[in-house]
Amino acid sequence: MFGLKCSRICVGGKFDRYRIPRRKKRKLSYGVYVRRVLKIEHPDLELSRAASQVLLSFLADIFERIGEECKTLLRLVRRSTITTRDMEFAVKLVLPRELAKYADFAIAARDFSAGDEILMESPFLFGPISEPKSPLCLGCGISVDCSVKCTDCGWPICEFTCDKLELHRTNECEIFKKSCIMSFQRLTSKKNVFHQYDCILPLRLLILIEKYPDRWKCIEKLNSFEEVRRDDVSWAKEQIYVVKYIRQKCKYKKIYFRATMNIPAGDKLSYCKTKVIMPTLLRRQELLQNSYFSCCCNRCADVTELQSHFSSLKCPNCSDGFILSENSLDFEADWKCNVCKCRKKYTHLKKIYNEVEKQMNKIRDEPISNPIEKCERLLDKYESMFHFNHSFTVYLKYSWLSLSLSGDTFQSCDAENIDQKIIRLYEILHVFDKISPGFTLLRGTTFHLLYKAYVVKAKQYDSSENQEKFMRYMSKALQFLDITEQIMVIGKPFAESAKS
Numbered sequence: 070m071f072g073l074k075c076s077r078i079c080v081g082g083k084f085d086r087y088r089i090p091r092r093k094k095r096k097l098s099y100g101v102y103v104r105r106v107l108k109i110e111h112p113d114l115e116l117s118r119a120a121s122q123v124l125l126s127f128l129a130d131i132f133e134r135i136g137e138e139c140k141t142l143l144r145l146v147r148r149s150t151i152t153t154r155d156m157e158f159a160v161k162l163v164l165p166r167e168l169a170k171y172a173d174f175a176i177a178a179r180d181f182s183a184g185d186e187i188l189m190e191s192p193f194l195f196g197p198i199s200e201p202k203s204p205l206c207l208g209c210g211i212s213v214d215c216s217v218k219c220t221d222c223g224w225p226i227c228e229f230t231c232d233k234l235e236l237h238r239t240n241e242c243e244i245f246k247k248s249c250i251m252s253f254q255r256l257t258s259k260k261n262v263f264h265q266y267d268c269i270l271p272l273r274l275l276i277l278i279e280k281y282p283d284r285w286k287c288i289e290k291l292n293s294f295e296e297v298r299r300d301d302v303s304w305a306k307e308q309i310y311v312v313k314y315i316r317q318k319c320k321y322k323k324i325y326f327r328a329t330m331n332i333p334a335g336d337k338l339s340y341c342k343t344k345v346i347m348p349t350l351l352r353r354q355e356l357l358q359n360s361y362f363s364c365c366c367n368r369c370a371d372v373t374e375l376q377s378h379f380s381s382l383k384c385p386n387c388s389d390g391f392i393l394s395e396n397s398l399d400f401e402a403d404w405k406c407n408v409c410k411c412r413k414k415y416t417h418l419k420k421i422y423n424e425v426e427k428q429m430n431k432i433r434d435e436p437i438s439n440p441i442e443k444c445e446r447l448l449d450k451y452e453s454m455f456h457f458n459h460s461f462t463v464y465l466k467y468s469w470l471s472l473s474l475s476g477d478t479f480q481s482c483d484a485e486n487i488d489q490k491i492i493r494l495y496e497i498l499h500v501f502d503k504i505s506p507g508f509t510l511l512r513g514t515t516f517h518l519l520y521k522a523y524v525v526k527a528k529q530y531d532s533s534e535n536q537e538k539f540m541r542y543m544s545k546a547l548q549f550l551d552i553t554e555q556i557m558v559i560g561k562p563f564a565e566s567a568k569s
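Numbering of the sequence shown is given in the numbering used here, commencing with residue 70 and proceeding in unit increments.
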C-alpha cells in the first residue's frame, strides 16, 4: 500500500496487520571514493577492513578540521557563505606540508651559494606605489618637488629627460592629454597622501590589454580574489580613486632574485612577502589581508618563533615566565605563561599591539625634535612589558642605535655609551641570525653599525701608548666592514636601478 513494500505480521496465528519496515539511516562514508582512487592509482593493491576503517576515520576527522578552519575564516572576513577559495585556505591550514607536494612552487635545479643569482627577468608592468606621501616622477618613480612638469600632460617629473621616456609618454601621458587632465594638485598637509597616483598602474594595465592582447592572457590566469576584496575597506576607496577616476576622466628595469643562504639542489625556493621584523600575529594578519593566504612556515608555526621569542611577553604574575600563544596558527588562540597559570585573551594582545604601533608610527613618520630621547623613553617603558628579544623592543633598539650612530652623532659617544651600544648590537644580531639568517639587509645594516661602533671605540685609544688596543679594535671594525660589503653587494642592482 501507498506504493511501499510491506510485510504482514502474524498475531494469534493470523496475519492481521501490515507493517512498513524502517529505513536504515544513511551514514556518511568515503569508502566508495577510497576504493575508486585506490583502483586508479594502485590497481594491484587492496585494503583490509581494519585499514579501511582507520583511513575512513582519518578522512572524517580531516573533514571536521577543515570545517572548523572555514568557520574561523568566515568570521574574520565577516561572511556567511563558504567559497572555493575559503576551502583552499582551510585545506592549506590543515594540511600545509602534504598539499605542498601539489602546489605551484619553484625548486632549486642546482646548488646555490649565498649571494648567487637565482633569477633575473624584466617586470611585466610597474608603476608608482599606492598612496605615496610625496609627489613622484611618472618616468622613474623617485620623489620630486613639482618644480619640473611634463610639457604634454602637466604631471610632475624629476627632469626633462623623463618627459621623453616611453613608459610615461606612450601610456598615461596620451590619455591625460586627450582627456584634458592637464593639472596636478599639490597637497600642503604632510599627513595627506597623494591618491592621484593610485590610478596610474591600473591605467597602464588597461592600455597594455589593447596594445599586447597576447601578454594580457598571462594576467587573466591570475586569481583576482574579488569575492574576498569586496568586503575589504580598501575596496570602496579604490572605487573612488581608481575606477571612478579612470571611467570619468580617462576616455626599465630588471628584477633580481638572489640566494641569501646556501640552497641545495631540489630544495624549495621561497621569499618573504611581508616585513620580517614583525611579530607573528601581525605578520600573518597582514598576509591574510593583502595576499589572501595564511602562512604556515616553520617560524609562524613555532610559538617561540625559532627560539627567538620575537612575540613573547613578560608574565606580570611571575618573574621567570613568558606569555606565549597556545597555537600561533590560530588568530583567536589564548596566550598563557609557560611557568604559572596566567592567561590572556588575544583581544588583550591586540589592544597592546595597536597602542605600541601608534607610538612606533609617530617616531617613523612624524618629525620629532629629539627622536633619540623618544626611543630611549619608549624602550625603558616597554622593556618591562615585552621579552628583551620582542619585535617592538628590537625595533626600538635598532632605531635608537641607527639614530645615535648616524652622521656626526656617533663621533661624540663616550666610552661607556659605546660599550652599551656594542652590547645592544650583538643582541640584535643574535635575533636576526634566527629570524632573518644569511645575506639579508637587516644583518648587513647591523654589521655596518657594528663597524661604526668599533671605529668610535678604536679612536678612544688613538695614542702612542695604546696602539695595541687601537689596532685590535680597528681590525674588528674592518672585519665587520668586509662582511657588510659582502652582504650589500647583493643589493647593488637595486641601488643602481634606484639611482637611474
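Even glycine gets a Cβ: it sits at the ideal position worked out from N, Cα and C.
Note that the coordinates shown come from a computational prediction; the quantities given were computed from them, not determined experimentally.
Extent of the continuous alpha helix (DSSP H) run through residue i
i	result
Phe539	Gln536 to Met557
Leu125	Arg118 to Val146
Phe461	Ser460 to Ser473
Trp285	Pro282 to Glu289
His517	Leu510 to Lys528
Asn240	No alpha helix (DSSP H) holds Asn240; DSSP gives it neither H nor E.
Lys450	Pro440 to Tyr451
Lys347	Here residue 347 turns out to be Met, not Lys, going by the sequence shown. It is not in any alpha helix (DSSP H) - Met347 carries neither H nor E in the DSSP assignment.
Lys108	Gly100 to Glu110
Glu374	Neither: Glu374 is in no alpha helix (DSSP H) and is coded neither H nor E.
Val160	Thr153 to Val163
Cβ-based burial, residue i [other Cβ within 10 Å; buried from 16]
i	result
Gly335	exposed
Met540	exposed
Ser303	exposed
Thr553	buried
Ala546	buried
Cys287	exposed
Ser98	exposed
Ile226	buried
Thr515	buried
Ile492	exposed
His237	buried
Ser149	exposed
Phe193	exposed
Asn423	exposed
Thr239	exposed
Whole-angstrom distance between residue j and residue i, CA atom to CA atom
i	j	result
Glu228	His264	22 angstroms
His517	Leu511	10 angstroms
Tyr102	Leu125	10 angstroms
Ala522	Ile269	44 angstroms
Ala119	Gly100	12 angstroms
Thr416	Leu398	16 angstroms
Thr153	Ala159	10 angstroms
Leu128	Arg179	37 angstroms
Arg284	Ile278	8 angstroms
Leu448	Thr462	6 angstroms
Cys444	Ser339	34 angstroms
Leu550	Pro440	27 angstroms
Val123	Asp155	28 angstroms
Glu452	Tyr325	39 angstroms
Asp221	Asp267	20 angstroms
Lys233	Glu243	12 angstroms
Cys219	Glu235	13 angstroms
Cys365	Leu375	13 angstroms
Ser505	Cys384	27 angstroms
Arg299	Lys202	26 angstroms
Tyr464	Leu275	40 angstroms
Met330	Ala370	21 angstroms
Ser473	Thr373	30 angstroms
Gly210	Ser460	31 angstroms
Asp488	Phe455	23 angstroms
Extent of the continuous beta strand (DSSP E) run through residue i
i	result
Trp304	Here Trp304 belongs to no beta strand (DSSP E); instead the alpha helix (DSSP H) covers Val302 to Glu307.
Ile187	Glu186 to Glu190
Those residues which DSSP pairs with residue i across a bridge
i	result
Met429	Answer is none; Met429 lacks a bridge partner.
Ile392	Leu382 and Cys406
Phe181	Ile332
Val212	According to the sequence shown, residue 212 is Ser rather than Val. Ser212 pairs with Leu205.
Arg412	Lys405
Arg327	Glu186
Pro225	Lys218
Phe457	Beta-bridge pairing links Phe457 to no other residue.
8 angstroms Cβ cutoff, residue i in contact with chain C
i	result
Asp185	The structure shown has no chain C; it contains just one protein chain.
Report task. Say whether the region 346–366 touches the region 532–543, bearing in mind that this needs 3 or more beta-carbon pairs closer than 8 angstroms, one atom from each stretch. Result -> Not touching, per the Cβ criterion.
Query raised in the report: At a cut of 8 angstroms, does the region 338–351 reach the region 370–388 through at least three beta carbon pairs?
Result: Yes, the region 338–351 touches the region 370–388.
Query raised in the report: Between the region 130–137 and the region 103–112, are three or more C-beta pairs nearer than 8 angstroms?
Result: A contact is defined here as three or more CB-CB pairs under 8 angstroms, and the region 130–137 fails this definition with respect to the region 103–112.
Query raised in the report: When the Cβ atoms of the region 387–404 are set against those of the region 140–148, are three or more pairs found closer than 8 angstroms?
Result: Under the Cβ criterion (8 angstroms, minimum of three pairs), the region 387–404 counts as touching the region 140–148.
Query raised in the report: Are the region 422–430 and the region 402–413 touching by the rule of at least three beta carbon pairs closer than 8 angstroms?
Result: With a cut-off of 8 angstroms, the region 402–413 and the region 422–430 do not count as touching, because too few Cβ pairs lie within range.
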